[in-house]
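Worksheet for the structure shown next.
In my numbering, the protein residues as written are 31 to 185.
This is the structure in structure tokens:
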């Protein structure tokens, strides 16, 4: 059973960014801190409301709470041995898109088949929000793809 590495957390924090005030993201979802949205697994423990303000320390605590079920989803769905970097990339992807999307994705299917190149390439398909292509999401998926592939033996 894997856990996200310190490098994985740093990557996730960089990609999510920290916002101390509640805001609506590009898909119109109320969000705060490091990507904690109304759809987050810990929403009952850490609710969000318009006008809300949190400290970075509170954001860190919420992120840790949100990561637990995200990691559990990745650990339970992946049936093949993967590297730490693959795991970190999959946790970032799942944190951003949700466990349901991850569990029904080609990314997971190809990972479980051991077709890692196809899994990495499939990450790029998830660059849309609200039905629109988002350049920032494409950049994030590209970086997750690079992370996913970085620890694999080169042919």
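Glycine residues also receive a C-beta, built at the ideal position from the N, C-alpha and C atoms.
If you're wondering where the values come from, they're calculated on a predicted model, not measured in any experiment.
Quick one: what does DSSP say residue i is sitting in, helix, strand or coil?
i	result
residue 94	helix
residue 39	helix
residue 168	helix
residue 48	coil
residue 159	strand
residue 135	coil
residue 173	helix
residue 21	A question about residue 21 goes unanswered here, because the residues of the chain that appear run from 31 up to 185.
residue 75	coil
residue 181	coil
residue 153	helix
residue 33	coil
residue 148	helix
Using the DSSP secondary-structure output, state which residues sit across from residue i in a beta bridge.
i	result
residue 62	66
residue 83	51
Leaving out five residues before and five after residue i in sequence, what residues of the same chain have Cβ atoms less than 7 Å from its Cβ?
i	result
residue 68	59, 60 and 78
residue 84	50, 62 and 63
residue 95	72, 75 and 76
If you drop the 5 nearest sequence neighbours on each side, which residues of the same chain put their C-beta closer than 8 Å to that of residue i?
i	result
residue 122	38, 41, 42, 45, 170, 174 and 177
residue 101	32, 33, 34 and 121
residue 113	181 and 182
Enumerate in chain order the residues of its own chain whose CB-to-CB distance from residue i is below 6 Å, with the five nearest sequence positions on each side excluded.
i	result
residue 186	For residue 186 there is no data in the structure shown, the boundaries of the chain being 31 and 185.
residue 168	157
residue 179	150
residue 55	61
residue 99	71
Return the Cβ separation of residue i and residue j in integer angstroms, given the expectation that the two are a contact with Cβ distance under 8 Å.
i	j	result
residue 163	residue 152	With a Cβ gap of about 16 Å, residue 163 and residue 152 do not count as contacting.
residue 109	residue 145	Not really, about 13 Å apart at Cβ, beyond 8 Å.
residue 52	residue 160	Not a contact, Cβ separation roughly 18 Å.
residue 97	residue 132	Going by Cβ atoms, the distance from residue 97 to residue 132 rounds to 14 Å, so no, they are not a contact pair.
| query | Taking only runs of the alpha helix (DSSP H) that begin and end inside the segment 94-132, which ones reach a length of at least 4 residues, in chain order? | reply | Complete alpha helix (DSSP H) runs here, min 4: 114-127.
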